[in-house]
Amino acid sequence: MRDVARDPEPLERLRVQRSRLADRMRPPWWYLSGAAILWALTFAFPFTSRYLPEGLGLWPFLVAGLAVACVLQWGLTRTTGIWVGIPDLTCQPGRPARIAMLVVSVAAIVTENLLIDRGLLGAAIGVAAVAVVAGVAGVQAALRGIRQNLRADGRAA
Amino acid sequence: MTAKLDPLIHPITRLSICGLLAAGADWVEFAALRDAAGISDSVLSKQSRVLEDAGYVEVRKGAVGRRPRTWFRLTAQGRQAVEGHLAWLAQLEEAVSASAQDVQQARPLPGDRDQPRRVLPPLLGSS
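Those protein sequence lines, which keep their order, are chains C and G.
Numbers in this note's numbering are just positions in the first sequence, counted from 1, shifted up by 3.
Numbers in this note's numbering are just positions in the second sequence, counted from 1, shifted up by 445.
Structure below.
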């Protein structure tokens with residue numbers, strides 16, 4: 004078996020291998036589409052809470068959202084062969100993007116509620132659409148952060 | 446963390462496996478690890494078994510449909526050993542590059558014959 008003592012640059016070789024591993028963490032098209040659906044469900048919340056029939060609660064939407072999130076995460080893990088754990092706000096890689104997504108979500112939902120209360124339905128739909136685009140961009144940024152962390156030997160973890 | 450040579454991780458294939466598992470992912474699947482390390486299935490199976498027996502790597506086997514899937518991750522002991530070994534390698538690389546730089550500086554330039562001879566720095570490990 005080859006020994007690192009006879010190899011001139013074992014660390015350089017490892018950097019290349021880590022870069023190869025990080026490149027696998029690119030999201031497939033369906034992942035981003037699924038993320039867009041998930042964000043659309045989230046930002047539809049102010050509308051559904053007002054315009055849905057009384058009998059139909061919010062639970063079906065929450066369950067559907069959770070199911071889509073789980074399927075997306077499972078699919079990404081299966082496609083890439085890399086499991087980075089359940090992303091939360093304490094997880095360092097992609098953390099700024101996740102915090103930004105949280106702030107944008109809260110701001111968008113509050114704005115939508117205000118606009119709906121003032122009867123500006125079109126503007127509220129516009130805000131929701133922009134928020135969905137921002138959410139998908141946030142998902143991409145979070146994944147970019149994970150890729151950078153894999154390249155930088157997990158130092159940020 | 447102390448920079449320390451670990452003879453078990455020292456061979457290049459095991460260093461690749463451990464280094465990739467220490468990159469920040471929680472679990473890495475067999476094919477992903479094999480492709481990133483650029484090694485064959487049999488080599489990965491053999492070396493991962495050695496690392497598993499040493500308690501450095503945890504292996505989880507499962508199946509998706511009829512396809513068997515094997516996942517790897519570093520144990521706490523393995524992570525500590527890898528980080529120490531990588532730090533040791535980084536120190537070695539620094540020492541080698543510093544020594545090469547000193548030798549380069551000490552080499553006489555063309556037309557430097559009449560100048561007093563420069564003394565080469567002692568080599569690492571020589572007394």
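Where a beta carbon is used, it is the ideal one built from N, C-alpha and C, also for glycine.
Between which two residues does the beta strand (DSSP E) carrying G507 (chain G) extend? 502-509
Would you report the Cα separation of Q536 (chain G) and A545 (chain G), rounded to the nearest angstrom? 14 Å
How long is the line joining the alpha carbons of R514 (chain G) and E474 (chain G), rounded to whole angstroms? 7 Å
Going by the beta-carbon positions, is the gap between L153 (chain C) and G469 (chain G) smaller than 7 Å? yes
Just mark T447 (chain G) as buried or exposed, buried being the case when its beta carbon has 16 or more other beta carbons within 10 Å. exposed
7 Å Cβ cutoff met for L118 (chain C) and A126 (chain C): yes
Anything in chain G within Cβ reach of G78 (chain C), meaning under 7 Å, just list it in chain order. By Cβ distance, chain G contributes nothing, its closest Cβ being about 11 Å from G78 (chain C), past 7 Å.
Just to make sure I have the definition right: I need the residues of chain C whose C-beta is within less than 9 Å of the C-beta of E539 (chain G). Which are they? Neighbours of E539 (chain G) on chain C: none; closest Cβ ~10 Å, over 9 Å.
For Q143 (chain C), which residues in chain G fall below 9 Å Cβ to Cβ? None at all; the shortest Cβ gap to chain G is about 18 Å.
Roughly how many angstroms lie between the CA atoms of A144 (chain C) and L55 (chain C), to the nearest whole one? 33 Å
Determine whether the Cβ of W533 (chain G) lies closer than 7 Å to any Cβ atom of chain C. no
With a Cβ-Cβ cutoff of 7 Å, do A39 (chain C) and V135 (chain C) count as a contact? yes
Test: L569 (chain G) CB closer than 7 Å to a CB of chain C: The predicted model places L569 (chain G) with a pLDDT of 48, which falls under 50 and marks its position as unreliable; any figure quoted below should be read in that light. No, L569 (chain G) does not count as interfacial toward chain C.
Check whether the stretch 524-540 of chain G and the stretch 451-464 of chain G touch, using three or more Cβ-Cβ pairs below 8 Å as the test. yes
So what's I422 (chain G) in DSSP terms, helix, strand or just coil? Past the edges of chain G, shown from 446 to 572, lies residue 422 (chain G), and the structure says nothing about it.
Quick check on Q522 (chain G): buried or exposed, where buried means 16 or more other Cβ atoms within 10 Å of its Cβ? exposed
Which residues share a DSSP beta bridge with V473 (chain G)? C:I85, G:F517
Compare the C-beta of V504 (chain G) with all C-beta atoms of chain C and state if any pair is closer than 7 Å. no
So for R512 (chain G), helix, strand or coil by DSSP? strand
Looking at chain C, which residues of the stretch 448-461 of chain G have a Cβ within less than 8 Å of any of its Cβ atoms? H455, P456, I457, T458, L460, S461
If you draw a straight line from the alpha carbon of W516 (chain G) to that of V87 (chain C), how long is it in whole angstroms? 12 Å
Straight-line CA distance for G68 (chain C) to V74 (chain C)? 10 Å
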